[in-house]
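Trainee: All letters in the sequence shown, in the order written, are residues 3 to 180 by this note's numbering. Even glycine gets a Cβ: it sits at the ideal position worked out from N, Cα and C. Just so you know, these numbers come straight off a predicted model, no measurement behind them. Here it is, the structure, as structure tokens.
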Amino acid sequence: MLPFTVPSRDQLTPDAQAIYDQFVQATGKMPNLYATIGYSANALATYTQYVRGQVKNTFHARDREGIYLIVSQINGCEYCLASHTASAIKAGWKEEDTLTLRAGAHPDKKWQVLYAIIRSVLDNRGEVPDALLHDFSALGFGDAAIMDLLVLINVMSLTNYAFRLAKIPIDFPLAKEV
């Protein structure tokens with residue numbers, strides 16, 4: 003089992019190969035982390051369904067990428083910082099904005115509140131002070147949005163932990179240090 007290696011398509015089960023092929027068709031490649039998750043066809047299928055479901059989330063693509071960067075920074079995942087910096091730039095973020103998001107220093111109140119909530123969820127096993135939830139509500143977010151945010155934190159933490167466990171090669175340009 004150790005060290006983990008990135009499996010080739012042929013090393014995966016037919017179910018995982020089908021998802022592998024979908025990634026290659028959609029993006030031109032199968033990212034190393036997803037291929038590694040694909041050792042379990044069930045894990046890869048569950049993960050991809052979970053991510054696809056978030057398209058209907060309270061947060062649009064640009065916001066989701068910002069949230070993913072914050073989660074990945076707090077969780078210390080170099081792989082997801084690399085891949086989601088590239089995705090965030092495609093979604094309309096400037097590289098310098100991705101750095102301020104990750105540092106918890108973005109000047110927009112919305113991103114200050116989101117950063118504080120995400121940090122609290124990750125540091126306190128889901129607990130968030132009432133004052134932060136009030137600030138979130140004051141931004142116009144309701145109960146559905148906090149649940150959607152929790153799901154985004156969860157889905158990103160899964161890939162963060164998968165990378166930290168497997169320590170496979172990063173196949174995206176590295177994100178700058180904060």
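With burial defined as no fewer than 16 other Cβ atoms inside 10 Å of the residue's Cβ, what is the status of residue 33: buried or exposed?
Mentor: It is buried - the Cβ of residue 33 has at least 16 other Cβ atoms within 10 Å.
Trainee: Please name the residue in 72, 103, 113, 105 whose C-alpha comes closest to that of residue 156.
Mentor: Measuring from the Cα of residue 156, the nearest candidate turns out to be 72.
Trainee: Just checking my contact of residue 66 with residue 56 at CB under 8 Å: how many whole Å lie between their CB atoms?
Mentor: Sure, about 6 Å apart at Cβ, within 8 Å.
Trainee: Beta-carbon within less than 6 Å of residue 168's beta-carbon, same chain only, minus the 5 sequence neighbours each way: which residues are those?
Mentor: Answer for residue 168: 6, 38, listed in chain order.
Trainee: Inspect the beta-carbon positions of residue 89 and residue 82 and report whether they are closer than 7 Å.
Mentor: Against a cut-off of 7 Å, the Cβ pair of residue 82 and residue 89 comes out as no contact.
Trainee: For residue 4, which residues from the same chain have a beta carbon less than 7 Å from its beta carbon, with the 5 sequence-adjacent residues on both sides left out?
Mentor: Same-chain partners within the cutoff: there are none.
Trainee: Buried or exposed: residue 154, going by 16 or more other Cβ atoms within 10 Å of its Cβ?
Mentor: The residue in question, residue 154, is buried, as its Cβ has 16 or more Cβ neighbours within 10 Å.
Trainee: Under a Cβ-count criterion, where at least 16 other Cβ atoms within 10 Å of its own Cβ denotes burial, should residue 26 be classed as buried or exposed?
Mentor: When all chains shown are included, residue 26 counts as exposed.
Trainee: Sorted by chain position, which residues of the same chain lie with C-beta nearer than 7 Å to residue 130's C-beta, five sequence neighbours on each side aside?
Mentor: So the list reads 119, 122, 123, once near-sequence residues are dropped.
Trainee: Would you mind sorting residue 141 into buried or exposed? The rule is 16 or more other CB atoms within 10 Å of its CB.
Mentor: When all chains shown are included, residue 141 counts as exposed.
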